[in-house]
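Q: Heads up, the working numbering is the position in the sequence shown plus 38, with the first residue counted as 1. Next up is a structure, given as structure tokens.
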Amino acid sequence: MTRSALGIRAKFLIAGALLVCATAVSSAWSVLAFHDMSRVVDATLHDSEQTTAATASLATALEREDDALLLTLTDEARGRRSLEATRKAVADALARLGDVLTEPGEPETYAAVKRDVDAYHRAGDALVAHARDPEARLRYHEEVNPLLRRAVGETARIRDEHFRSAQSVATWARDRAVRSTEVLFGVTLAALAFSVLVASYVARTVVVPIRNLTGAVEAMRRGDFDRRVPSDGADELGRLAGGFNRMAEDLGAFRKANVGEVLRAKETLEATLAALPDAVVVVGPDGTVASANPTASSVLRVEAGQLSKGLDALPIADRTRALLRDVLDGRKAGAAGAVDLTNAVAIDVGGSKRKLLPRVVPITGLPDGQRGAVLILSDVTELARLDEMRTELIAVASHELRTPLTTFRMTLLMLNERALSLTDRDRELVHTALLGVEQLAGTIDEFLDLTRIEAGQLRLNWDRVDVAALVAREASAVQTSCKESGIELVVDGAERTGLTIRGDAARLHVVLANLLANAMKYTPAGGTIRLGVDEVADRIVVAVEDSGPGVPAEFRERIFEKFFRVEHHRAGDAGLRGSGIGLYIAREIVEAHGGTLRYEEREGGGARLVMQLPR
């Protein structure tokens, strides 16, 4: 059966209006009934109070008048004065009683009371006229007092009638209240029954369709696109149900049309992952392993079921697991920059030792801003072997070159001692050869330090070092070279005292020599190099500034990598020389002292390298 074309809003408004009307009618009837009872009760109580007060006042005045009559029998003058005052009070009380008795039948009652009072007054006047008569007191008891009793009795009868009338009104009010309560209770029950009917109607026309729609949505979430909801109504819910059915039909058709394409894409992705030579593990935002290629299962020696347990089930290094969590949380961007073979981990694969380099690549663009990650374990065994061979070659070559180089330098020094016997050209050649030998010796020392650092054999001879004095010596050593190159060298803080640390003076000499050599290499003629030392908190800060071209932002951290040279990435520096390990060795020495070495941007251009050493 088709439901009414009324909208949900109209249905609720009509139902609410009916409930409000029923409540308003019952409330208005109750208010009128109780108002009427209150009015009647108030009027009755008011009349009863006035009547009671008037009758009590009249009875009291009559009793006092009677006392005055008796007084005249013993003291005539005094009694007459009292009698005059009390009769005035009786007249006033009688007048008030007449003002109160206005209801039908009450004026006749008032007239009867007034006749009795008047009769009493006449009898009293006669008694006063014969007050000296010996028989006056007897006459009072026989003629006057009975009239008083009759007037007072009539007054009491009026009071009792009004009291009974008030009781009748109270009984009527009680009965009326009981009837009103019964009626109100009946109206309340009717309104409750009507509310139940309205609730049933709402449940049938609103709640049931919503429940059906909710069930259909849940079925669609599970993949059941064939579920439909009844849509035989013309209201908002009917139109919503019809729209939902059409959407379900479209989604079902779309799913049927694209499920093959999705499956093909999934198969292609799985085949691609399987074809990759590297181990690849895809990690979801919740930290569970979403996918892994066969290489990963083989290399990590775990089953697919174990991979699905999460990061803790992966046999990887703790720092790699921590990096994965940092990438998922957005604290790090993942692997970037140059490949560092020192991060490679050794794993036994098929009975042979292989070195795998872990790299983490973030997956962005997921719903709700979530992030995933891809863990790539690249086999760098051959690269690591080549790197070890390079290190060994550098170490062997450096050691083998030191002996002939020392012999060559001693020969040149001996020739330099006989410079006075040489021609100017020969002296210049000897001087140039000595400079070349010193540069070559410095390069060989750097290579030897590099091999010690890579082998973890960099040792420091700890002692107290005066950093300010060390800065002054290094500045003096390069002063001549700076002048020959047309570079101004400015030294700040070299004269200070007390700037001492615990360190290796020879190694710190290497650091300062490398920083100054780097600054001289890039500072053009007419430029300035500033070397400064200062104390900040509990650290000694040494800064070297130059007015050269500076370092591009993307290379400011890479300049501390092994064999990295900015001139390889900047056309204007193609003619500059250098091994590319000076800053790497400098940072390693500084960090071995517990300090830091970093690049800072300099205002106005140029570079600024800052070394901080703990006291």
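Positions of the beta carbon are idealized from the N, C-alpha and C atoms, including for glycine.
Could you tell me the distance, in whole angstroms, from the CA atom of V509 to the CA atom of L527?
A: 12 Å
Q: Which same chain residues, not among the five before or five after G253, have their C-beta less than 6 Å away from its C-beta?
A: none
Q: Given L185, which residues of its chain have a CB within under 6 Å of its CB, disregarding the five upstream and five downstream residues?
A: A157, Y158, A161
Q: Give a yes or no on contact between the region 499–507 and the region 538–555, applying the rule of three or more CB pairs nearer than 8 Å.
A: yes
Q: Bridge partners of K370, per DSSP?
A: Paired residues: none, contrary to the question.
Q: Using the DSSP secondary-structure output, state which residues sit across from I578 in a beta bridge.
A: Its beta-bridge partners are E573, L651.
Q: Using CA atoms only, rank isn't needed, just tell me which of T333, E641, L70 is closest to D584.
A: E641
Q: Taking 6 Å as the limit between beta carbons, can you name the residues of its chain near A317, skipping five residues before and five after?
A: T333, A334, V337, L415
Q: Within 10 angstroms of the Cβ of G524, are there 16 or more other Cβ atoms? Answer buried if so, exposed if not.
A: The residue is exposed, with fewer than 16 neighbouring Cβ atoms inside 10 Å.
Q: List the endpoints of the continuous alpha helix (DSSP H) containing A228.
A: Counting along the chain, the unbroken alpha helix (DSSP H) around A228 starts and ends at 183–240.
Q: Suppose the cutoff is 6 Å on Cβ atoms and the five residues either side in sequence are ignored; what does the same chain contact list for L453 look like?
A: Short of 6 Å from the beta carbon of L453, and not among the five residues preceding or following it, lie these beta carbons of its own chain, in chain order: V468.
Q: Quick check: is the beta carbon of S519 nearer than 8 Å to any beta carbon in chain D?
A: The chain inventory of the structure shown lacks chain D, comprising one protein chain alone.
Q: Do L488 and I623 come within 8 Å of each other at the CB atom, strictly closer than that value?
A: yes
Q: I want to know whether the region 130–140 touches the region 87–95 - three or more CB-CB distances under 8 Å.
A: yes
Q: How many whole angstroms separate the CB atoms of L361 and L349, which I take to be in contact at a CB cut-off of 8 Å?
A: Their Cβ separation, rounded to whole angstroms, is 11 Å, which puts L361 and L349 out of contact at 8 Å.
Q: Do you know how far the Cα of C59 is from the Cα of R195?
A: Answer to the nearest angstrom: the Cα atoms are 51 Å apart.
Q: Buried or exposed for M649, going by 16 or more other Cβ atoms inside 10 Å?
A: buried
Q: Starting from the C-beta of R636, find all residues in its chain whose C-beta is less than 7 Å away, skip the five residues before and the five after it, and write them out in chain order.
A: V648
Q: Would you mind stating whether D572 and G633 have Cβ atoms separated by less than 8 Å?
A: Taking 8 Å as the Cβ cut-off, D572 and G633 do not qualify as a contacting pair.
Q: Please state whether the Cβ-Cβ distance between L472 and L439 is less than 8 Å.
A: no
Q: Check this for me: beta carbons of V383 and P396, under 8 Å apart or not?
A: yes
Q: Could you check what DSSP says for T566 in three-state terms: helix, strand or coil?
A: strand
Q: DSSP on K126, reduced to helix/strand/coil?
A: helix
Q: Tell me whether K600 sits in a helix, a strand or coil according to DSSP, three-state version.
A: coil
Q: What are the boundary residues of the beta strand (DSSP E) that includes T634?
A: Per DSSP, T634 is one residue of the beta strand (DSSP E) stretching across 634–639.
Q: Which runs of the beta strand (DSSP E) spanning at least 3 residues fall entirely within the region 528–560, listed in chain order?
A: 538–541
Q: How is the alpha helix (DSSP H) around G322 delimited, first residue to last?
A: That residue, G322, is in no alpha helix (DSSP H); it is neither H nor E in DSSP.
Q: Using only CA atoms, which one of A544, A123, T518 lies nearest to M558?
A: M558 has its Cα closest to that of T518, out of A544, A123, T518.
Q: May I ask which residues mark the beginning and end of the alpha helix (DSSP H) holding R249?
A: 246–259
Q: Under a three-way DSSP split, which group does S336 fall into?
A: helix
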